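First comes the structure, then the notes that go with it.
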Amino acid sequence: MKNALRALVLALGLGCASIAAAALDAALVAKLAFGDNDEKIAAIRAFVTQGEPAAAPLLDALANGQLQTAGERVLIVREEAAIDAVSGETVTPLPEAREDVIANNRVRGELANAVAALRLLAPDRALRFQAVKELETGASAAMLPLVRRALEKETDAEIRATLALVAATIEVKSGDKTARLAAIRALASSDSPNTRSLLGSILLKQRDGRFVEPDADVRRAAEDSLIAVQRHLAWGERAGLLFAGVSLGSILLLAALGLAITYGLMGVINMAHGELIMIGAYATYVVQNLVRAYLPGAFDAYLLAAIPAAFIVSGLVGMALERSVIRHLYGRPLETLLATWGISLMLIQTVRTIFGAQNVQVENPAWMSGGIELMANVVLPWNRIMIIGFAALVVIGVALLLARTRLGLFVRGVTQNRAMASCVGVPTARVDTWAFGLGSGLAGLAGCALSQIGNVGPDLGQAYIVDSFMVVVFGGVGQLAGTLVAALGLGVINKLLEAWSGAVIAKIAVLVFIVLFIQKRPQGLFALKGRAVEA
């Protein structure tokens, strides 16, 4: 709230001298300084009703603990300077006997609303827009004259529309039936959950069965407007579910993409894949701390170094895993599963020893904070948007690597027919190592992305290993397109089912669906083509 007050003073070009230019009502200033809490609130509302910009420094001083009294005088004291709150005259020297004017939480809440109301007159469009958004949830009847005044002067169409809804929200609580009916009908165009609550309160019943609102015409108008508002909100909820599904799908895609390469190429059930994701997240954490310690001015760009670091570290761990253990277990799926499961436990314990058992904090850069308000009940977080874009770039990069590079040609050849590829000179053992390193590096990228939306701890990968295998099996082993479709499809379906039945039932339903699907189509959505498959 302090920042908002300072922004108001700056935007309106106000300083202490502005009090002298427009002297404030001495009686209201006295109420604000000497009155009880109710009188303070009444004075604040009176200043808002007057719409006097010169009241801003006074309210700023009260909110920041800079309003003091000396006898009957009210002073704004900043550092060693004091200004008379009524006349604007400089007071020198500072009176020795001074007392602070105290504002409790209720008064501070009223101050926040008053500041928002006064910002409606600011010349800066961003300040006015922020102010009208704040007033959507906290406008009082005393602010109606100032809201109407701002509505008359406002030229921005979006702000005017929201201001009109704020005015209607205030007028709904008025005593005039005609004004209330007009306001209720105006609220039908709102897409705010607060409007739904306001209209719903008109239709409530008391314990004896009688309506809270005795006027039947007002109730009918509220019911019609409520239906329209719920229709608007329903579209927002659908958009929010779709975005959440795509967001979850992009995370599943990043987590499963590396597994699709290793499992598709070598048929290895790598139970340590989740720990490779975890290693990528911890690599991001280490890079973040190094940048904060040695290049604090470049902290917002630390992800530019964390992304390749996560890929390289996880890739090297995966290549070492393939060289030392997995290479000796090809064609023995049960032994591979048990060995990689044991390695996953070792990796978890190693991370616990180095970083501790508690979660570590990975911060979002400033440009990934906040979000886009698509509708009143739909906010798209920037970190989720960036992860969706990042997943798309990773998929494009992997597709180009597999289709346009020599390594990609070898990987596709070994995947389709390992024996024939070996006969024509493809170093299959080396391809296995590079492919496993690529898949592990992609798991590290998934960990880097996950660090931006959740906790980073030793058990991070355990939450994604089962989902990753489900995506790979459902999409088709070794199929990049199948992994993409399966991840996005399962993400959207999961979120839709969560909204209908809850998270646990949604997980069970998705698992049952995949089991039944694989029974009917073992090759997945996209069947792997090649001589080995056809044979």
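According to the working numbering, the stretch in the sequence shown is residues 5 to 539, in order.
Cβ atoms here follow ideal geometry from the backbone N, Cα and C, with glycine treated the same way.
As the structure is a prediction and not an experimental result, all values here were calculated from the model.
If Tyr306 sits next to Val295, beta carbons under 8 angstroms apart, how far is it from one beta carbon to the other, in whole angstroms? For this step, residue 306 is matched to residue 302 along the sequence shown. For this step, residue 295 is matched to residue 291 along the sequence shown. With a contact defined as Cβ atoms closer than 8 angstroms, Tyr306 and Val295 qualify at about 4 angstroms.
Should Phe51 be labelled buried (16 or more other beta-carbon atoms within 10 Å of its own) or exposed? Translated into positions along the sequence shown, residue 51 becomes position 47. Burial is judged here by how many other beta carbons sit within 10 angstroms of a residue's own beta carbon; Phe51 has at least 16 and is buried.
Below 7 angstroms between beta carbons: does that hold for Ser472 and Ala248? Position 468 of the sequence shown, counted from the start, is the residue given in the question as residue 472. Position 244 of the sequence shown, counted from the start, is the residue given in the question as residue 248. No Cβ-Cβ contact shorter than 7 angstroms links Ser472 with Ala248.
Just to confirm, is the Cβ distance from Leu447 to His236 under 7 angstroms? Taking the first residue of the sequence shown as 1, we reach residue 447 at position 443. Taking the first residue of the sequence shown as 1, we reach residue 236 at position 232. Inspection of the sequence shows that residue 447 is occupied by Ala rather than by Leu. Note that the C-beta distance between Ala447 and His236 is not below 7 angstroms.
Could you give the residue range of the beta strand (DSSP E) that holds Asp195? What you label residue 195 is simply residue 191 of the sequence shown in a count that begins at 1. Asp195: not part of any beta strand (DSSP E); DSSP gives it neither H nor E.
In whole angstroms, what is the alpha-carbon distance linking Phe215 and Phe517? Reading the sequence shown from its first residue, position 211 is the one you call residue 215. Reading the sequence shown from its first residue, position 513 is the one you call residue 517. Cα to Cα, Phe215 sits roughly 47 angstroms from Phe517.
Near Arg110, what residues of its chain come up, given a Cβ to Cβ distance below 8 angstroms and the 5 sequence neighbours on each side ignored? Here residue 110 refers to the residue found at position 106 when the sequence shown is read from its first residue. Asn41, Ile45.
Can you tell me the Cα-Cα spacing of Ile457 and Ile391, whole angstroms? Start at 1 with the first residue of the sequence shown, and residue 457 comes out as number 453. Start at 1 with the first residue of the sequence shown, and residue 391 comes out as number 387. Their Cα atoms are separated by approximately 9 angstroms.
According to DSSP, Ile80 sits in a beta bridge with which residue or residues? Numbered from its first residue, the sequence shown carries residue 80 at position 76. In the DSSP secondary-structure assignment, Ile80 is bridged to Leu71, Ile87.
Rank Gln54, Pro385, Ser254, Gln483 by C-alpha distance to the C-alpha of Ala403 and give the top, closest one. In the sequence shown, the residue the question calls residue 403 occupies position 399. Closest option to Ala403, Cα to Cα, is Gln483.
Residue burial classification, Pro462 (beta-carbon count within 10 angstroms, cutoff 16): By 1-based counting over the sequence shown, the position of residue 462 is 458. With a 10 Å radius around the Cβ and a threshold of 16 neighbouring Cβ atoms, Pro462 comes out buried.
How should Phe303 be labelled, buried or exposed, when 16 other C-beta atoms within 10 angstroms of its C-beta is the threshold for buried? As a first step, residue 303 is located in the sequence shown; it is residue number 299 there, counting from the start. Phe303 is exposed by the Cβ-count criterion.
Would DSSP call Asp61 helix, strand or coil? Here residue 61 corresponds to residue number 57 of the sequence shown, with the count starting at 1. In the sequence on display, residue 61 carries Pro and not Asp. The answer is helix: DSSP assigns Pro61 an H, G or I state.
Starting from the C-beta of Trp438, find all residues in its chain whose C-beta is less than 7 angstroms away, skip the five residues before and the five after it, and write them out in chain order. As a working mapping, residue 438 is identified with position 434 in the sequence shown. Here the set comprises Leu411.
State whether the segment 150-169 contacts the segment 74-82, with contact taken as three or more CB pairs (one from each stretch) at a distance under 8 angstroms. Judged by Cβ distances under 8 angstroms, the segment 150-169 makes no contact with the segment 74-82, as fewer than three pairs qualify.
What's the call for Pro61, buried or exposed, on a 16-neighbour Cβ count within 10 Å? Here residue 61 is taken as the residue at index 57 of the sequence shown, counted from 1. Only buried fits Pro61, as 16 or more other CB atoms lie within 10 angstroms of its CB.
Proximity winner among Val435, Ser318, Val514, relative to Gly465 (alpha-carbon distances): Your numbering for residue 465 matches position 461 in the sequence shown. Taking the Cα of Gly465 as reference, the smallest distance to any Cα among Val435, Ser318, Val514 is reached at Ser318.
If you follow the beta strand (DSSP E) that Leu384 is in, where does it begin and where does it stop? Within the sequence shown, numbered from 1, the residue matching residue 384 stands at position 380. Note, Leu384: beta strand (DSSP E), 382-385.
Identify whether Tyr286 lies in helix, strand or coil by the three-state DSSP scheme. Within the sequence shown, the letter at position 282 stands for residue 286. Looking at Tyr286 - three-state DSSP - the assignment turns out to be helix.
Going by CA-CA distance only, name the one from Arg164, Val90, Gly92, Met474 that's closest to Phe521. Residue numbering aside, residue 521 sits at position 517 when the sequence shown is read from its first letter. Nearest option by C-alpha distance: Met474.
Ile48 burial status per 10 Å Cβ neighbour count (16 or more: buried): Residue numbering aside, residue 48 sits at position 44 when the sequence shown is read from its first letter. That one is buried.
Residue range of the unbroken beta strand (DSSP E) whose run includes Glu377: Counting from one through the sequence shown, the residue named residue 377 turns up at place 373. In the DSSP annotation of this structure, the continuous segment of the beta strand (DSSP E) that includes Glu377 starts and ends at 375-379.
Going by Cα to Cα distance, which pick from Ile512, Glu502, Gly443, Gln523 is closest to Ile265? As a first step, residue 265 is located in the sequence shown; it is residue number 261 there, counting from the start. Residue Gly443 is the option with its Cα nearest to Ile265.
Mind reading off the beta-carbon distance from Gly417 to Gly480? Whole number of angstroms is fine, and I expect it under 8 angstroms. As a working note, residue 417 is residue 413 in the sequence shown. As a working note, residue 480 is residue 476 in the sequence shown. Gly480 and Gly417 do not touch by the CB rule: their CB atoms are close to 18 angstroms apart, not below 8 angstroms.
Output the distance between the C-alpha atoms of Arg422 and Arg434, rounded to the nearest integer angstrom. Counting from one through the sequence shown, the residue named residue 422 turns up at place 418. Counting from one through the sequence shown, the residue named residue 434 turns up at place 430. Separation of Arg422 and Arg434 (C-alpha to C-alpha, rounded to the nearest whole angstrom) is 13 angstroms.
Mark Leu397 as exposed unless 16 or more other C-beta atoms lie within 10 angstroms of its C-beta, in which case mark it buried. As a working note, residue 397 is residue 393 in the sequence shown. Classification of Leu397: exposed, given that the 10 Å Cβ count is below 16.
Outcome for Leu18 when other beta-carbon atoms lying within 10 angstroms are tallied against a minimum of 16: On the sequence shown, position 14 is the one that residue 18 refers to. Unreliable positioning characterises Leu18 in this predicted model, as indicated by a pLDDT of 37, which lies under 50. The coordinate reading is nonetheless provided below. Flag for Leu18 reads buried.
When DSSP labels each residue in this structure, what does Gln523 get in the three-state scheme? Residue mapping note: residue 523 aligns to position 519 of the sequence shown, counting from 1. Here Gln523 sits in helix by DSSP.
Taking a contact to mean a Cβ-Cβ separation below 7 angstroms, would you say Glu275 touches Thr344 in this structure? Taking the sequence shown and counting its residues from 1, the one referred to as residue 275 is at position 271. Taking the sequence shown and counting its residues from 1, the one referred to as residue 344 is at position 340. The sequence given here places Met at residue 275; Glu does not occur at that position. Cβ distance < 7 angstroms, so Met275 and Thr344 count as in contact.
Are the Cβ atoms of Ile174 and Leu148 separated by less than 7 angstroms? By 1-based counting over the sequence shown, the position of residue 174 is 170. By 1-based counting over the sequence shown, the position of residue 148 is 144. In this structure, Leu148 lies closer than 7 angstroms to Ile174 by Cβ.
Could you tell me which residues DSSP puts in a beta bridge with Lys209? Locating residue 209 in the sequence shown gives position 205, where the first residue counts as 1. Note: Lys209 sits in a beta bridge opposite Phe215.
Residues in the same chain with beta-carbon distance under 6 angstroms from Ala190, minus the five sequence neighbours each way, listed in chain order, please. Along the sequence shown, read from residue 1 onward, the residue named residue 190 stands at position 186. For Ala190, where only same-chain residues beyond five positions count, the Cβ hits under 6 angstroms are Ala172.
What's the call for Asn108, buried or exposed, on a 16-neighbour Cβ count within 10 Å? Taking the sequence shown and counting its residues from 1, one reaches residue 108 at position 104. Note on Asn108: under 16 other CB atoms within 10 angstroms of its CB, so exposed under the neighbour-count rule.
Quick one, which of Asp228, Ala67, Asn459, Ala453 has its alpha-carbon nearest Thr199's? Taking the first residue of the sequence shown as position 1, residue 199 is located at position 195. Comparing Cα positions, the closest option is Asp228.
Let me know the secondary structure DSSP gives Asp40 once reduced to three states. Against the sequence shown, residue 40 aligns to sequence position 36. For Asp40, the three-state secondary structure derived from DSSP is coil.
Ile106 to Ala225, Cα distance in whole Å? Counting from 1 along the sequence shown, the entry for residue 106 is found at position 102. Counting from 1 along the sequence shown, the entry for residue 225 is found at position 221. C-alpha separation (whole angstroms): 44 angstroms.
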